[in-house]
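In my numbering, the protein residues as written are 1 to 323. Heads up, the beta-carbon is just placed ideally off N, CA and C, and yes, glycines get one too. Notes follow once the structure below has been shown.
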C-alpha cells in the first residue's frame, strides 16, 4: 500500500505541476508579448484607422489584408487577458466569501459531546485541528483553510456513520490536510479561471482531483488496514440525499462521477483499471496547442513582418495613396 500512496500522491503532484507550469507559461507569454508590442499595436491600429477614414469606402477594401488582420489579433489577446483577470478576481472573491459565509453561522461543538469522535481522536493526534459542526441534517466532512487547514465534520455525519466508517473518513481528510490540498485547489481554480480558454485545463483538473482522492483513500487504508470501512462510508454517503463530499474538490472533479471508480478500486486492489478518455485528452491537447500557437503568433508576428507601411495602390483602389 505504501507504493500505492507514493504512486497516487506522485500523480497528483505531477498533474498539479503540469497545470501550474502550462498556465504560468501561457500567462507569461501573453504578458511579455503585450508589454513588448503595445506601442506597435497602437501605431498600427492608428494607421489603419486613418487609412480607412481618409480613403473612404473604396480604399477600405485595402484595409482587409493579412497585415491588418494581424493588427486586430493582439487586441483580442489583450481582451482575453483582462477577461481572465476579471474571472480570476471574481473566483477568488467568491471562494473566500463562500468559506466565510459557510463556516461563520455554524456553531462548533465540543468534540467530547459525540461518543464516536471522543473514542477516535486520541489515536489520531488531531486535537485543535478538527472542528465538529452543529448540524444534524448535513452529512459532510471536508478540509478547509489555505495556510493552516482544519478538518470540519458535521454532527450529522458522525451519527450517520459507524465508528469504523467515521474513522476512515477522518483519515481520508487528514491526508488532504497534510498534503495542503485546499491550497493547491485554490491555486488551480485561480489558474483555471485566468486561462479559461485552454481546454486541457479541465482535463488535467479532473485527473488531479481523481489522483488526490485516491491518494487520500490509500492513506486512510494504510493507517486503518480496513478498506471496507471506507468503502461502506462511500456507499452510504453516495446514497444520502444530504451528501456533501469527502474532499474540497467537488466543484471541479464532480466527485460523484468517480465514487464508483474509487469503490471498485478499493475492492479490487490487484486489478489495474483501464485508462479512459484518450480521445478527450488528444482533442484537448490539440485544441490547447492551436490556441497557444495562435496567441504567440498574434502577439509576436510584428517581429517577423518587415513591411512598415500599408499602401493603397491605384491599381487596387483606382485612386491615389492616402495622405
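**Prompt:** Quick one: what's residue 142 bridged to in DSSP?
**Reply:** Along the chain shown, one-based indexing puts residue 142 at 142. Bridge partners of residue 142: 152.
**Item:** Top-ranked residue by Cα proximity to residue 133, from 279, 144, 84 and 214
**Value:** Counted from its first residue, the chain shown places residue 133 at position 133. It is 144 whose Cα lies nearest to the Cα of residue 133.
**Message:** On the DSSP letters alone, give me the boundaries of the alpha helix (DSSP H) that residue 230 sits inside.
**Reply:** Mapped onto the chain shown, residue 230 falls at position 230. For residue 230, the enclosing alpha helix (DSSP H) begins and ends at 227-239.
**Asked** For residue 182, which beta-bridge partners are listed by DSSP?
**Response** Residue numbering aside, residue 182 sits at position 182 when the chain shown is read from its first letter. Its beta-bridge partners do not exist; DSSP assigns none.
**Request:** Locate the alpha helix (DSSP H) running through residue 133, then write down its first and last residues.
**Result:** The count along the chain shown starts at 1 and reaches residue 133 at position 133. Following the DSSP letters along the chain, one finds residue 133 in no alpha helix (DSSP H) but inside the beta strand (DSSP E) bounded by residues 130-133.
**Request:** Answer yes or no: do residue 151 and residue 140 have a C-beta to C-beta separation smaller than 8 Å?
**Result:** Translated into positions along the chain shown, residue 151 becomes position 151. Translated into positions along the chain shown, residue 140 becomes position 140. Not in contact: residue 151 and residue 140 (Cβ atoms no closer than 8 Å).
**Request:** Classify residue 77 as buried or exposed, calling it buried when 16 or more other Cβ atoms lie within 10 Å of its own Cβ.
**Result:** In the chain shown, counting from the first residue as 1, residue 77 sits at position 77. The residue is buried, with at least 16 neighbouring Cβ atoms inside 10 Å.
**Prompt:** Using the C-alpha atoms, what's the distance from residue 114 back to residue 120?
**Reply:** On the chain shown, position 120 is the one that residue 120 refers to. On the chain shown, position 114 is the one that residue 114 refers to. Whole-angstrom Cα-Cα distance: 10 Å.
**Asked** From what residue to what residue does the alpha helix (DSSP H) around residue 212 run?
**Response** Here residue 212 refers to the residue found at position 212 when the chain shown is read from its first residue. Segment 199-224, the alpha helix (DSSP H) holding residue 212.
**Message:** Closest to residue 117 by C-alpha separation, out of 100, 167 and 238, would be which residue?
**Reply:** Counting from one through the chain shown, the residue named residue 117 turns up at place 117. Nearest C-alpha to residue 117 among 100, 167 and 238: 167.
**Item:** Residue closest to residue 196, alpha-carbon to alpha-carbon, out of 15, 284, 100 and 17
**Value:** Within the chain shown, residue 196 is the residue found at index 196, counting from 1. The residue with the shortest Cα to Cα distance from residue 196 is 284.
**Prompt:** To the nearest whole angstrom, what separates the beta carbons of residue 368 and residue 207, a pair I think is in contact under 8 Å?
**Reply:** The chain is shown only over 1 to 323; residue 368 falls outside these bounds and no answer can be derived.
**Message:** Assuming residue 291 is part of the alpha helix (DSSP H), what are its boundary residues?
**Reply:** For the purposes of this step, residue 291 is identified with residue 291 of the chain shown, where counting begins at 1. It spans 278-300 - the alpha helix (DSSP H) in which residue 291 sits, taken as one unbroken run.
**Prompt:** If you drop the 5 nearest sequence neighbours on each side, which residues of the same chain put their C-beta closer than 6 Å to that of residue 294?
**Reply:** In the chain shown, the residue the question calls residue 294 occupies position 294. Sequence-distant Cβ neighbours of residue 294 in its own chain, meaning closer than 6 Å and more than five residues away, do not exist here.
**Asked** Going by Cα to Cα distance, which pick from 94, 21 and 46 is closest to residue 186?
**Response** Here residue 186 corresponds to residue number 186 of the chain shown, with the count starting at 1. Considering only alpha carbons, the answer is 94.
**Message:** Tell me the residue span of the alpha helix (DSSP H) that contains residue 265.
**Reply:** Translated into the one-based positions of the chain shown, residue 265 becomes position 265. Residue 265: member of the alpha helix (DSSP H) spanning 259-267, first to last residue.
**Sub-8 Å separation of residue 216 and residue 176 beta-carbons** = Here residue 216 is taken as the residue at index 216 of the chain shown, counted from 1. Here residue 176 is taken as the residue at index 176 of the chain shown, counted from 1. Contact check for residue 216 against residue 176 passes: the beta carbons are separated by less than 8 Å.
**Request:** Could you tell me which of 43, 19, 14 and 170 sits nearest to residue 229, measuring between CA atoms?
**Result:** Residue 229 sits at position 229 when you count from the first residue of the chain shown. Selected option, being the one with the closest Cα: 170.
**Item:** Option in 75, 262 and 13 with minimal Cα separation from residue 39
**Value:** In the chain shown, residue 39 corresponds to position 39, counting from 1. Considering only alpha carbons, the answer is 75.
**Message:** Considering only their Cβ atoms, is the gap separating residue 236 from residue 160 smaller than 8 Å?
**Reply:** Position 160 of the chain shown, counted from the first residue, corresponds to residue 160. Position 236 of the chain shown, counted from the first residue, corresponds to residue 236. Yes, these two residues count as a Cβ contact at 8 Å.
**Asked** Cβ of residue 19 within 8 Å of Cβ of residue 188?
**Response** Translated into positions along the chain shown, residue 19 becomes position 19. Translated into positions along the chain shown, residue 188 becomes position 188. Result yes, Cβ atoms of residue 19 and residue 188 sit closer than 8 Å.
**Request:** Please report the Cβ distance between residue 212 and residue 181, rounded to the nearest whole angstrom; I am assuming they are in contact, meaning their Cβ atoms lie under 8 Å.
**Result:** The residue labelled residue 212 in the question sits at position 212 within the chain shown. The residue labelled residue 181 in the question sits at position 181 within the chain shown. That belief holds up - the Cβ atoms of residue 212 and residue 181 are roughly 6 Å apart, short of 8 Å.
**Prompt:** In three-state DSSP terms, what is residue 109?
**Reply:** Counting from 1 along the chain shown, the entry for residue 109 is found at position 109. Here residue 109 sits in strand by DSSP.
**Item:** residue 232 versus residue 163: straight-line alpha-carbon distance, rounded
**Value:** Along the chain shown, read from residue 1 onward, the residue named residue 232 stands at position 232. Along the chain shown, read from residue 1 onward, the residue named residue 163 stands at position 163. Between residue 232 and residue 163, the alpha-carbon positions lie close to 11 Å from each other.
**Prompt:** With C-beta atoms as the reference, is residue 299 less than 8 Å away from residue 33?
**Reply:** As a first step, residue 299 must be located in the chain shown, where it is residue number 299. As a first step, residue 33 must be located in the chain shown, where it is residue number 33. For the pair residue 299 and residue 33, the CB atoms are nearer than the 8 Å cut-off.
**Anticipated Cβ contact below 8 Å, residue 27 with residue 194, distance rounded** = Walking along the chain shown from the start, residue 27 turns up at place 27. Walking along the chain shown from the start, residue 194 turns up at place 194. About 7 Å separates the beta carbon of residue 27 from that of residue 194, a gap short enough to meet the 8 Å contact definition.
**Prompt:** Cβ of residue 22 within 8 Å of Cβ of residue 200?
**Reply:** By one-based count along the chain shown, residue 22 stands at place 22. By one-based count along the chain shown, residue 200 stands at place 200. The Cβ-Cβ distance between residue 22 and residue 200 falls below 8 Å.
**Request:** Indicate whether residue 214 and residue 8 have their beta-carbon atoms separated by less than 8 Å.
**Result:** The residue you call residue 214 lines up with position 214 of the chain shown. The residue you call residue 8 lines up with position 8 of the chain shown. Contact: yes.
**Request:** Could you please give the first and the last residue of the uninterrupted alpha helix (DSSP H) stretch that includes residue 118?
**Result:** Within the chain shown, residue 118 is the residue found at index 118, counting from 1. 115-120 is the extent of the alpha helix (DSSP H) around residue 118.
**Asked** Does DSSP put residue 47 in a helix, in a strand, or in coil?
**Response** The residue given as residue 47 occupies position 47 in the chain shown. Three-state result, residue 47: helix.
**Request:** Label residue 125 either buried or exposed according to how many other C-beta atoms from any shown protein chain fall within 10 Å of its C-beta, with 16 as the threshold for buried.
**Result:** The count along the chain shown starts at 1 and reaches residue 125 at position 125. Residue 125 comes out exposed.
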